[in-house]
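Going line by line, the protein sequences match chains A and B.
Those letters in the first sequence? Residues 1 to 400, per my numbering, in order.
Those letters in the second sequence? Residues 401 to 721, per my numbering, in order.
Notes for the one structure printed next.
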Amino acid sequence: MKRRTMIKTVAAATLAGVLMAGGAYAQEVIKLGASAPKSGPLAGGAEVSHWPAIKLWLHDVNARGGIDVGGKKMPVEVIEYDDRTSGEEAIKNIQRLATVDKVDFLVAPYATGLNLATAPLIAKYGYPQLAATAVTDGVDEFAKRWPNSFWLLGTSASFAESVADVLVKLRDKGAIGDKVAVVNVADAFGIELMNAGKPAMEAAGFEIVYETSYPLGQQDFAPIISAAQAAEPDAFVAFSYPGDTFGLSAQAKIANLDVGAFYVGVATAFPAYLGANGAAAEGVLGAGAVNPDAPGMAEWRARHKDVTGVDADYWASAMTYSSLQILEQAINKVGSLDKAAVTEAIKGGTFDTVLGEMTLDGNVNRKFWTVGQWQGGKFYGVASTGIGGEAEPVAKNGWE
Amino acid sequence: MTWLNEKERRIAGFAAIAFGVVALLPLVDQGYYLSISVNIVMYVVLCTAWTLFSGPTHYISLATAAFFGIGTYTVALGIDTVPFPLLLVIAALASGLLACVVGIATLRLSGIYFVIFTLGLAELVRQVVTWLQTNFSSSLGLYVFTDFGEQHIYWMLLGLAAIVYITGWLINRSRLGFAMQIIGNDETVAKHVGIDTARAKVILFIISGAFIGIVGAILAPRFSYVQPPSAFNPMISFQVVIMALLGGTKRIWGPLLGVIPFTILFDQVTAYFPNHTSFVIGIAFMAIVYLLPQGVLGRLEDLVRLRKRFRMVSAEEGNNP
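Quick look at the structure:
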């Protein structure tokens, strides 16, 4: 009996605390809702690129006393939910954030699929959706369909065509010849990149000497690397996902794959890639990038490590952070928490972000990094769609 | 088949009223409570359809994701050219056909072999779809844009739930249902009394698979973006088994008792322990298995039996002052 009374008391106290916390701050605090994977297949990526960036921004903005809304500083609080990498959970979380927690704004979900699954609902509630972790060719169609949605990270076609451009540069330097081996993971991003990348390489005069695809989740990459090796390519290109990016790189090192250019896809820009491959990472090309030497970037990365305890990646981390900077500056400009007005302000504005000045032309960021390369322990952008400040790509020089 | 007796008529009336009340939900709330209700009804239909087959036969099927994914893909591929109601029919036929082929090939197997095969089936279908798309189309993702809101999906699922319950009830009354009971109790005996056990099992597997396929089809517009890993998500198969077993599979309404508490529990866990979901869910599983080995239904029946015995005892005591 006594134990039961105690449980009841604790439950009542907790409930009262929750209710009071909800009520007391309602007027003073900006509530920001965030639903993204903390478990499931995409949790690994979200724990690198998504959650820490939110944490850092929250720290930064509250250290300044909050967002300046019409002359009044309002601190920000984030309500986080795990969507378990599932569309139906993500939809339910957005509903809960919008109708139960009644948040003022949302952080866009993580990755293409979850952003698309939740887009109709987010549009229904009129929140601006700044998708910072979706790479897809549908950006213009989506921006038209959901005028409150913004697409920041770029298109698959640009990512793939840039690979061809970088290979041309390396060929001009005499680092590689004409023969390329291309493989891709048989999943959304990998296939879109393959479909755009192969014609681009052929148009640039490259000869595809080996080509294959492999299913998502494949563990053993020895057959792929040895078949590629047998074709004696000058460059190896893999449109891969995180697991295979690591697997292919490890296998290439073991087999001592002798190529002048080695490209792997998603997760090459993760700090863990350098951690896993050490010196062998030098010269590896990969999807996405930043300019680590851009003004403020080194300082931002140091602060990221300091506040969140983990290193930022060299790609989407900074974009997620930038998306929140854009939101903050738009709220600041409007001077109220009116969602429609803030959405309009995002459409027309120019924003000062950690990635430099950013404008959203037709709700889409047209200037983004596409290919990066590990050079001296940092991942440098070697190709972009017009940002400027690209590093020169260098030849891959062995695996030691 | 005879007409409904007095008791059945009362149950039918009560069920009709309950469905009517539940169907009014979107008029009250269009937000969070509607969305969680969509999830609940979705799993109610999946678990009940699963129980149609697995309840009487005791064959644990992990093929739910395969049928669900086929339904989703039917809609994703046809949404621009074929009217939606027709797509639901095609989804049912396609999943039913798969169930038929698989059933004929495997339902002679029993126990663990069947479980393993069905687990592999979802993965197999996913790889086949991936391969087809890789080789014959330009992108793996398919967009499903419709004007359906949450409330439309909710009503469609609710309608489907009613059909599943009626089907289950009709099967129970039929020769097939009787045959299934015997097979469930002892398959060898069933064979000896002349029941074509393989045929009975295949028919039921087809019905169950077709319903699951329709659920996948109805849900496709909700996802907007369909790709193999989400359509053939193996978690669906496992959750269906867990929820159905939690509820109890002896009666057709058993899964209902598992789905509702489980979905709400899961939801509360994500809301209050967003960083420790897997941990808390794991503890909840252990608690369920330990405290409710026969499911909620089994526990309820225990209680009813206990009360009866108690009544009998007190009646006897009343007779002997």
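For each residue, glycine too, the CB sits at the ideal point set by N, CA and C.
- Coarse secondary structure for N332 (chain A), derived from DSSP in three states: helix
- Note down, in chain order, all residues in the stretch 199-231 of chain A with a beta-carbon under 8 angstroms from any beta-carbon belonging to chain B. S213, P215, L216
- Message: Would L42 (chain A) and T85 (chain A) be called neighbours here (beta carbons separated by less than 8 angstroms)?
- Response: In this structure, L42 (chain A) lies near T85 (chain A), with their beta-carbon atoms less than 8 angstroms apart.
- H458 (chain B), buried or exposed, once every other Cβ within 10 Å from all chains shown has been counted against 16: exposed
- Euclidean distance between Cα positions of V18 (chain A) and A644 (chain B): With a pLDDT of only 46 at V18 (chain A), under 50, the local geometry of the prediction cannot be trusted, and no value is derived from it.
- Query: Can the beta-carbon of F150 (chain A) be found closer than 8 angstroms to that of N363 (chain A)?
  - Reply: Yes, the pair counts as a contact, with Cβ atoms nearer than the cut-off.
- Task: Note down, in chain order, all residues in the stretch 418-438 of chain B with a beta-carbon under 9 angstroms from any beta-carbon belonging to chain A.
- Result: D429, Q430, G431, Y432, Y433, L434, S435, I436, V438
- Message: I need the boundaries of the alpha helix (DSSP H) containing T245 (chain A), first residue and last residue.
- Response: 242-255
- Message: Less than 8 angstroms between the beta carbons of L285 (chain A) and P393 (chain A), yes or no?
- Response: yes
- Message: To test your reading of the DSSP string, which unbroken beta strand (DSSP E) runs of 3 or more residues are found completely within the stretch 532-566 of chain B?
- Response: Runs found: none.
- Query: Are the beta-carbon atoms of V259 (chain A) and P233 (chain A) separated by less than 8 angstroms?
  - Reply: yes
- DSSP bridge partner residues for Y380 (chain A) (one or two, in chain order): For Y380 (chain A), the pairing in a beta bridge is given by DSSP as A:V290, A:Q373.
- Query: Thinking C-beta only, is Q527 (chain B) closer than 8 angstroms to P215 (chain A)?
  - Reply: Contact check for P215 (chain A) against Q527 (chain B) passes: the beta carbons are separated by less than 8 angstroms.
- Run through the stretch 202-236 of chain A for me and flag every whole beta strand (DSSP E) of 3 or more residues, listed as ranges in chain order. 207-214
- Compare the C-alpha of F611 (chain B) against each of B:L498, B:G682, B:F666 and name the closest. B:L498
- If you run the structure through DSSP and keep just helix, strand and coil, what is S149 (chain A)? Taken through DSSP and simplified to helix, strand or coil, S149 (chain A) comes out as strand.
- Determine which residues share a DSSP beta bridge with A312 (chain A) and list them. Answer is none; A312 (chain A) lacks a bridge partner.
- Message: Distance check for V185 (chain A) and G478 (chain B), CA to CA, integer angstroms please.
- Response: In this structure, the alpha-carbon of G478 (chain B) lies about 26 angstroms from that of V185 (chain A).
- contact_flag[the stretch 415-435 of chain B, the stretch 483-493 of chain B] where n(CB pairs < 8 angstroms) is 3 or more: no
- Query: Pick from B:G695, B:A476, B:A492, B:V482: whose alpha carbon is nearest that of I606 (chain B)?
  - Reply: B:A492
- Quick one: residues in its chain with C-beta nearer than 6 angstroms to the C-beta of T649 (chain B), no 5 flanking neighbours on either side, listed in chain order? T451, G455
- Message: Please classify D82 (chain A) as buried or exposed, where buried requires at least 16 neighbouring CB atoms within 10 angstroms.
- Response: buried
- Query: Between the stretch 247-256 of chain A and the stretch 332-345 of chain A, are three or more C-beta pairs nearer than 8 angstroms?
  - Reply: no
- Item | Of the residues B:V444, B:G520, B:L570, B:M712, the one placed nearest G654 (chain B), counting alpha carbons only | Selected option, being the one with the closest Cα: B:V444.
- So, does the CB of A684 (chain B) fall closer than 8 angstroms to a CB anywhere in chain A? So no, A684 (chain B) is outside the interface.
- Message: Would I470 (chain B) and V641 (chain B) be called neighbours here (beta carbons separated by less than 8 angstroms)?
- Response: no
- Message: Taking 8 angstroms as the threshold (beta carbon to beta carbon), is I91 (chain A) in contact with chain B?
- Response: yes
- Validate contact between the stretch 42-58 of chain A and the stretch 90-102 of chain A using beta carbons, cut 8 angstroms, 3 pairs: no
- Query: In angstroms, rounded to a whole number, what distance separates the CA positions of F468 (chain B) and V502 (chain B)?
  - Reply: 15 angstroms
- Message: Here's a check: name, in chain order, each residue in its chain whose Cβ is nearer than 6 angstroms to the Cβ of I387 (chain A), leaving out the five neighbours to either side.
- Response: K367
- Is D82 (chain A) close to chain B, meaning its C-beta is less than 8 angstroms from at least one C-beta of that chain? Chain B, which has a Cβ nearer than 8 angstroms to the Cβ of D82 (chain A), makes this yes.
- Of all the CB atoms in chain A, is at least one closer than 8 angstroms to the CB of P693 (chain B)? Answer no: the Cβ-Cβ gap between P693 (chain B) and chain A never drops below 8 angstroms.
- Could you check which residue in B:V615, B:Q533, B:V515, B:I512 has the C-alpha nearest to that of S495 (chain B)? B:V615
- Indicate whether at least one CB of chain B lies closer than 8 angstroms to the CB of E88 (chain A). yes
- Message: Measuring alpha carbon to alpha carbon, tell me which residue in A:T212, A:K169, A:P223 is nearest A204 (chain A).
- Response: A:K169
- Message: Based on DSSP bridge pairs, tell me the residues matched to D352 (chain A).
- Response: A:E357
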